[in-house]
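Take 1371 as the starting number for the sequence shown in the working numbering and just add one per residue. For reference, the structure is listed below as structure tokens.
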Amino acid sequence: MATPAKRFEDLLIARTGVSSELVARARERQRDGKSLPDALRELGALDGPAWARALAGAYDLPFMADLVAADVDIELLDRLPMQYARRNAVLPLRCDDDELVVAIADPRVLAPLDDLRVLYGRPVRAVVVPSDVLTNAINRAYDRASGSAAELMDDLDEERLDLIATELEEPRDLLEAGDEAPIIRLVNSLLFQAVKDRASDIHIEPFERTLTVRFRIDGILYDVISPPKRFQAVIISRVKIMAGLNIAEKRLPQDGRLRTKVAGRDIDVRVSVIPTAYGERVVLRLLDRSSTVLGLEELGLNGRNLSLVGRLVHQSHGIILVTGPTGSGKTTTLYAALSTINSSERNIITIEDPIEYQLDGVGQMQVNPKIDLTFANGLRSILRQDPDVIMVGEIRDSETAEIAIQAALTGHLVFSTLHTNDSASAVTRLVEMGTEPFLVSSSVIAVMAQRLVRRVCDACRRTVHPDQATLAEIGLLPSAIANRTIYAGGAGCDACKQTGYRGRTGIHELLVIDDDVRTLIMKSADAAAIRRAATLGGMLTLRQDGATKVLAGETTIEEVLRVTQDDLA
């Protein structure tokens, strides 16, 4: 007689079309502790929705491929801790008549359904949902139920301003921390609201009579809340405790970091505190450790630039520089380049300040000036590790530049960044650092300048008809926009947090060092001469590349002019 497991296996084969051979191979992998669906997914035989649909059919239960916010009655979540919902993969959705409708990932696990029947005092009706969909829905639902930082302002009570510093080896998810003192909950709320709003930085700024908290979203600062001035000291002390800083020291700048979780996402936070006339000013830089590294095509590179970069990153030796101001996405571009060429055949080592993303298969070293581990000293050590590809976070001085050039000349591919306004200026900057022009011309193979422009929100974007003067400023003729739709920033909606923009993309200026440019470098020509030679050779300037993004409907003329205002068209 067939066992229940065997009967279910037969049903799985019948309902999903998975071959018995693949199921047998998956059973072999289960010896390593994997579940059957995980083993089948590894073999490429089954995805999450197909598995959930098969489970629903096997137990004669309804199946939902997706869950949206309207599906969940958040008032039901008051009784159910988030930890329990996550651990058992269950989410109460609504009450239909006298029944509680519950989303589940695995109907074979009955204990959580019994618990919910007792907890809510009514019969339970289960709906099967793919596990990854359910996990995301749980995070979103409890996020909505937790409220915002502005709502928590009402809970501030001067008699209850106690500070609690809890040291945890594994950071606690802030959405689960609902039982803390008001100030702690306020700081936690600011962190997870910043993550939810896609903010890169949180600014806590004291002034003479006010305290302001602002988020930087898509490169622009927005006011969020203004807590009462009397709470300034305890809010800043709470942040300093979380970052492991000295709360008694208020006269000197301090830098620290903390690690936390928000809705299941692992977040690294770099904290900078400086003294000002009206108290300590705090900036928190948020880095999502769970974010995936972008590919080259996702950076905004297209056409000629994309094909050239694709060829350049596969060179065997030379220096490739990425330039631009702080916050222009230089490090993200370098990570994308490294992930493109990352393979078991290459030894890739980086030295960074700080390490922003973990790259599998890549050795990453963190700069530490306290022990004299500078870019230059770290680069010397890397060269003794037999690398094929090296990434130097930034060339800051002549010593680092010299070692990087020598590495490139001895058969290594070197990636690095510089702070210059355009690509041509990067070449002259290296010469100004004291590097001989002939060394620069023979080692640098390309320089890419970049900026980030905000994408127009697709949900609320507006069509505009720019006048001739505006078009001329961005370098477009009226004939160029014939049969094209040009957009302005949106009117503002919930999708873009009332900003009119959502997300960012890059605009690029790629200078390839060809023979003409190499000759000019040897003659110590200025940046303007190098730029003219490069544009004659087909290089698109930042503003010209921005114009192509405007014509494609990705961004606006105002955005391109804003980020290229210091550059020549």
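No residue lacks a Cβ here, since even glycine has one placed at the ideal position from N, Cα and C. Since the model is a prediction, treat every value here as computed from it, not as a measurement.
Ignore the nearest five residues each way along the sequence and tell me which others in residue i's own chain have a CB closer than 6 angstroms to its CB.
i	result
D1344	In the structure displayed, the chain extends from 1371 to 1939; residue 1344 sits before or after that span and is not available.
A1771	I1765, L1800, M1803, T1805
G1731	N1712
V1814	I1689, I1883
L1921	R1854
G1670	T1875, G1876
N1675	H1878, L1880
E1722	G1763
What residue range is occupied by the uninterrupted alpha helix (DSSP H) comprising residue i?
i	result
K1566	1552-1566
T1703	1700-1711
G1748	1745-1753
R1457	1452-1458
L1779	1768-1779
T1580	Here T1580 belongs to no alpha helix (DSSP H), and DSSP marks it neither H nor E.
T1918	1912-1921
T1889	1885-1892
P1482	1481-1490
Q1728	That residue, Q1728, is in no alpha helix (DSSP H); it is neither H nor E in DSSP.
N1675	1673-1682
R1600	First-last for R1600: undefined, no H or E at that position.
T1925	Looking at the DSSP string, T1925 is not in any alpha helix (DSSP H), and its letter there is neither H nor E.
A1904	1897-1906
With a threshold of 8 angstroms between beta carbons, is residue i in contact with chain D?
i	result
S1751	Within the model displayed, chain D is absent; a lone protein chain is all it includes.
If you drop the 5 nearest sequence neighbours on each side, which residues of the same chain put their C-beta closer than 7 angstroms to that of residue i?
i	result
V1823	R1874, T1875, I1877, G1916, K1919, T1925, E1929, V1930, V1933
D1476	L1425, A1459
L1753	A1777
Y1429	P1477
H1687	A1778, G1781, H1782, L1783
C1863	C1827, A1829, C1830
A1511	V1442, I1444, L1447, L1461
P1807	V1801, I1891, M1892, S1894
D1527	The pLDDT assigned to D1527 is 44, lower than 50, so where the model puts this residue is not dependable; a value taken from the coordinates is nonetheless given after this. Around D1527: P1552.
Per the DSSP calculation, residue i is bridged to which residue(s)?
i	result
R1635	V1632
A1569	I1587
E1469	D1466
P1848	Answer is none; P1848 lacks a bridge partner.
I1877	R1821
P1645	E1650
A1496	V1472
S1786	L1691, V1762
F1433	V1498
V1834	I1856
V1882	A1816
Y1871	V1826
L1461	A1473
R1932	Answer by DSSP bridge pairing: none, since R1932 is not bridged.
R1640	R1627, R1655
In the DSSP assignment, find the beta strand (DSSP E) that holds residue i and state where it starts and stops.
i	result
A1858	1856-1858
M1761	1759-1762
E1722	1718-1722
G1733	1733-1736
Just confirm the distance between the C-beta atoms of residue i and residue j, as a whole number of angstroms; I'd bet it's less than 8 angstroms.
i	j	result
D1817	T1693	Inspection of the sequence shows that residue 1817 is occupied by Val rather than by Asp. Right, their Cβ atoms sit about 6 angstroms apart.
R1750	I1725	Actually they do not touch by this definition, with Cβ atoms about 19 angstroms apart.
L1881	A1794	6 angstroms
V1499	A1422	6 angstroms
V1471	V1497	6 angstroms
A1706	V1652	At roughly 31 angstroms, the Cβ-Cβ gap does not stay under 8 angstroms, so A1706 and V1652 are not in contact.
T1787	L1704	7 angstroms
I1718	D1758	7 angstroms
S1596	L1581	6 angstroms
R1821	L1912	6 angstroms
R1492	D1468	6 angstroms
Using C-beta distances below 8 angstroms, list every residue in its chain close to residue i, excluding the 5 sequence neighbours before and after it, in chain order.
i	result
D1466	R1495
I1617	S1607, K1610, I1611
Original post:
Along the chain, which unbroken stretches of the beta strand (DSSP E) at least 3 residues long are found entirely within the segment 1793-1830?
Top reply: 1814-1826
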